[in-house]
Amino acid sequence: MDRRIFEQLRKTGRLPSPKGVSLEVARLIDAQNTTSRDLAQVIQSDPALTGKLLRLANIAIHFERRPVVAVGEAILILGFAQVKRLVLALSLMSDPGRPCPTFPYAAFWTRSLLTGLVAQRLVKQLGMAPVDEMFTVGLLSQVGRLALASLHPQDYAALLVAPEAADPHWLRQQEHGQLGADHDELTAIMLEDWGLPQIYVEAAYFQESKIALGGGLPVERHVLVAQMLHLADLVSGLCLSSPAAGREGQEEALALAGRLGVSRESLFALGEELLRHWGEWSGLLQEVVPIVAPFAPMVPAAAGADTVGPAKSIFGNMAILLVAAPGKGGDGFPEGLIRHGHEVLVVESPLGATSFDPLRLAQMVIVDWRLPDGPCRNDCAALRAASWAEPPYVLGVGPALDEVQLLAAFQAGLDAYEAAPLSSQVLDAHLQVVLRLQETQRTRQRKWQKLHSFAASLAHSNRELRQAALTDSLTGLRNRRYAVERLQQEWAVAERHGGNLAVMLLDLDQFKEINDDHGHELGDEVLCQFSMALRGLARQQDVLCRIGGDEFLVICPETPPAGARALGERICQGMDTVPLPAAAQGRLHVSVGIASLQDGVRDAEALLRAADHALYAAKQGGRNQVVVYAQAGAQG
Numbered sequence: 001m002d003r004r005i006f007e008q009l010r011k012t013g014r015l016p017s018p019k020g021v022s023l024e025v026a027r028l029i030d031a032q033n034t035t036s037r038d039l040a041q042v043i044q045s046d047p048a049l050t051g052k053l054l055r056l057a058n059i060a061i062h063f064e065r066r067p068v069v070a071v072g073e074a075i076l077i078l079g080f081a082q083v084k085r086l087v088l089a090l091s092l093m094s095d096p097g098r099p100c101p102t103f104p105y106a107a108f109w110t111r112s113l114l115t116g117l118v119a120q121r122l123v124k125q126l127g128m129a130p131v132d133e134m135f136t137v138g139l140l141s142q143v144g145r146l147a148l149a150s151l152h153p154q155d156y157a158a159l160l161v162a163p164e165a166a167d168p169h170w171l172r173q174q175e176h177g178q179l180g181a182d183h184d185e186l187t188a189i190m191l192e193d194w195g196l197p198q199i200y201v202e203a204a205y206f207q208e209s210k211i212a213l214g215g216g217l218p219v220e221r222h223v224l225v226a227q228m229l230h231l232a233d234l235v236s237g238l239c240l241s242s243p244a245a246g247r248e249g250q251e252e253a254l255a256l257a258g259r260l261g262v263s264r265e266s267l268f269a270l271g272e273e274l275l276r277h278w279g280e281w282s283g284l285l286q287e288v289v290p291i292v293a294p295f296a297p298m299v300p301a302a303a304g305a306d307t308v309g310p311a312k313s314i315f316g317n318m319a320i321l322l323v324a325a326p327g328k329g330g331d332g333f334p335e336g337l338i339r340h341g342h343e344v345l346v347v348e349s350p351l352g353a354t355s356f357d358p359l360r361l362a363q364m365v366i367v368d369w370r371l372p373d374g375p376c377r378n379d380c381a382a383l384r385a386a387s388w389a390e391p392p393y394v395l396g397v398g399p400a401l402d403e404v405q406l407l408a409a410f411q412a413g414l415d416a417y418e419a420a421p422l423s424s425q426v427l428d429a430h431l432q433v434v435l436r437l438q439e440t441q442r443t444r445q446r447k448w449q450k451l452h453s454f455a456a457s458l459a460h461s462n463r464e465l466r467q468a469a470l471t472d473s474l475t476g477l478r479n480r481r482y483a484v485e486r487l488q489q490e491w492a493v494a495e496r497h498g499g500n501l502a503v504m505l506l507d508l509d510q511f512k513e514i515n516d517d518h519g520h521e522l523g524d525e526v527l528c529q530f531s532m533a534l535r536g537l538a539r540q541q542d543v544l545c546r547i548g549g550d551e552f553l554v555i556c557p558e559t560p561p562a563g564a565r566a567l568g569e570r571i572c573q574g575m576d577t578v579p580l581p582a583a584a585q586g587r588l589h590v591s592v593g594i595a596s597l598q599d600g601v602r603d604a605e606a607l608l609r610a611a612d613h614a615l616y617a618a619k620q621g622g623r624n625q626v627v628v629y630a631q632a633g634a635q636g
């Protein structure tokens, strides 16, 4: 879809978009000077949005962290961009407008939520994208359907009740022909407009492409994400289908899962998890559609049963771009292209107007050279300069040309030229050439993948080495080197945005006596026990470090002095309940010194020295207590 057409559609006000508080959240996030506190205040002004956002956030980070209980914490963990996407999704889910009489709104959002959940679990197993992002992309991956229902309610209603509407490829062709864009194209451009990363924009566009799903494209990250999205959609569709209708979908889902490296057992377990937890997840929806187990036992087909499907070309499925005059639709070209399973897109110009160009994955371009000098011929040079996944084979078809004209056609960017009409035999010969080019490209791709795999292995080893260099080997907490680097970073962030920052130094009371009386082995056990207890008492955003011996540092971003003191008191009191190992007897006690950005310190090093001064005052004042720097200064 041309970006200008999309802008015109947006101006109509009929495209799905955030409203009310959700719109204000989007506006704040787009502003440069918004703080997390500003954002949290706006979200909390709508109690219903607050509750649903926390539930959705906890689903999104399900595999990553403990549950969040406050909007501010959700913002810190997810970041502004992801919060904006979740709020956007909630706004669309809560929109009461239902202009299209035959559009299944309740089933649509049920399936969308299921798709997000399945996509999240697939990416957890396969990698390739952050878990929380993949959940949101899955949730919004069919929003183009919702857009068509809003933009063309009556025309789309008529399409949806057609007997062929169950076939997604038929539906996309009709959408493109009658409404100007299919739902995947509209989904992609809306995701791009909402600021989602380019990989998800392209994945959304190709999630139902036969070429992308059939392995006809180079194995790139966005193609794999597109396949994951389609598998997630298949599984969610099975949850809403009858057992009889689900047989074909089960086979397709299992086949695609196998190509992605997901075992049959894993997919079945995923289906059982959906059914088991759907009751708690479905509370996000205004209207819930009942679901069934996606993978019921399949009865083998009777021997000799007919199978009906599109004919399979000996050349496989290819993505073919046909550049033809308006209204001709490829008049004079073999109709067998589509019948033999090739995916054919007819356009007036091969150059897309959006920043993501779906045409760039075509493997063959046929240009109708009967067009007068103008857009198509002039576009051939630009076609060659465009960013293609792999350079396509460009065939011109038109009237017989003399030597001068033929030379000009090749100079314009053609690989081959044939006089019209083009016979099936001649077309097959050109398809053979495309096959040979594809095999060469695949060989090069395999070599590149080996190099990429080797580079990734080296990068992984380097990450592990860096992780080891920044981690305390005894407790698993971050070490002094990491603490110094991270404190400098947090200081810079707080200073730039005018935010809060606090640090606390913790020192175990009587640890020297334990070491002297019972040996270093028991001392190490005490340090590990203390570290585990500290993890349980600290907050998600706190950075925990062991900086030497029995001394620990906690960096507290976005934390005012009062909040830091409350956290210190909680740690002190919590340690009182942690017993020492039997040989040492007694309880763990800790002294805490706190300093914050508001204490007038000039840099990160001075902040650390202030906390150390407060810790010394806590030790001198009787131990097992919390002292803040201002209080320590008053004492000293």
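Taking the UniProt record's numbering, the leading residue of the sequence shown gets 1, the next gets one more, and so forth. Glycine residues also receive a C-beta, built at the ideal position from the N, C-alpha and C atoms.
Residue i vs residue j beta-carbon contact at 9 Å
i           : j           : result
residue 588 : residue 528 : no
residue 144 : residue 92  : no
residue 478 : residue 546 : yes
residue 25  : residue 87  : yes
residue 367 : residue 433 : no
residue 106 : residue 285 : yes
residue 150 : residue 14  : yes
residue 141 : residue 253 : no
residue 146 : residue 103 : yes
residue 500 : residue 559 : yes
Residue burial classification, residue i (beta-carbon count within 10 angstroms, cutoff 16)
i           : result
residue 568 : buried
residue 298 : Below a pLDDT of 50, predicted positions are generally treated as unreliable, and residue 298, at 41, falls in that range; no measurement from the model is reported.
residue 295 : buried
residue 101 : exposed
residue 403 : exposed
residue 135 : buried
residue 7   : exposed
residue 462 : exposed
residue 448 : exposed
residue 192 : buried
residue 458 : exposed
residue 451 : exposed
residue 521 : exposed
Alpha-carbon to alpha-carbon, residue j and residue i
i           : j           : result
residue 510 : residue 74  : 38 Å
residue 224 : residue 184 : 16 Å
residue 664 : residue 482 : Because residue 664 is not part of the residues shown, which for the chain are 1 to 636, the question remains open.
residue 487 : residue 60  : 28 Å
residue 425 : residue 456 : 45 Å
residue 392 : residue 34  : 46 Å
residue 116 : residue 395 : 41 Å
residue 643 : residue 440 : Lying outside 1 to 636, the shown extent of the chain, residue 643 is not represented and no answer is given.
residue 208 : residue 566 : 53 Å
residue 281 : residue 190 : 26 Å
residue 419 : residue 122 : 49 Å
residue 319 : residue 428 : 15 Å
residue 628 : residue 534 : 19 Å
residue 497 : residue 491 : 10 Å
residue 616 : residue 572 : 16 Å
residue 435 : residue 179 : 34 Å
residue 345 : residue 169 : 12 Å
residue 175 : residue 469 : 56 Å
residue 234 : residue 182 : 19 Å
residue 315 : residue 227 : Residue confidence is low: residue 315 scores 49 on pLDDT, short of 50, so the model does not pin down where it sits. No coordinate-derived value is stated.
residue 621 : residue 593 : 12 Å
residue 472 : residue 460 : 20 Å
Cβ-heavy atom distance, residue i to the ligand SAM, below 8 Å
i           : result
residue 602 : Ligands are entirely absent from the displayed structure, and the ligand SAM is therefore not among its contents.
Rounded distance between the beta-carbons of residue j and residue i, thought under 8 Å
i           : j           : result
residue 561 : residue 541 : So it is not a contact: roughly 16 Å between Cβ atoms.
residue 39  : residue 49  : Actually they are not in contact, since the Cβ atoms of residue 39 and residue 49 sit about 12 Å apart, beyond 8 Å.
residue 114 : residue 22  : 23 Å between Cβ atoms; not a contact.
residue 564 : residue 599 : The pair is not a contact, with the Cβ atoms about 11 Å apart (cut-off 8 Å).
residue 81  : residue 68  : Between residue 68 and residue 81 the Cβ distance is about 17 Å, and since that is not below 8 Å, they are no contact.
residue 292 : residue 239 : 6 Å
residue 489 : residue 438 : The Cβ separation is near 47 Å, so there is no contact.
residue 398 : residue 369 : 3 Å
residue 126 : residue 260 : 6 Å
Exercise for review: Say whether the segment 155-167 touches the segment 194-212, bearing in mind that this needs 3 or more beta-carbon pairs closer than 8 Å, one atom from each stretch.
Suggested key: Flag = no, the segment 155-167 and the segment 194-212 do not touch.
Check your understanding: If we count Cβ pairs, one from each stretch, closer than 8 Å, do we get three or more for the segment 70-84 versus the segment 38-45?
Key -> Contact holds: three or more Cβ-Cβ distances are below 8 Å.
Exercise for review: Kindly confirm or deny that the segment 497-505 and the segment 600-611 touch, where touching means at least three C-beta pairs closer than 8 Å.
Suggested key: The answer is yes - the segment 600-611 touches the segment 497-505, with three or more Cβ pairs under 8 Å.
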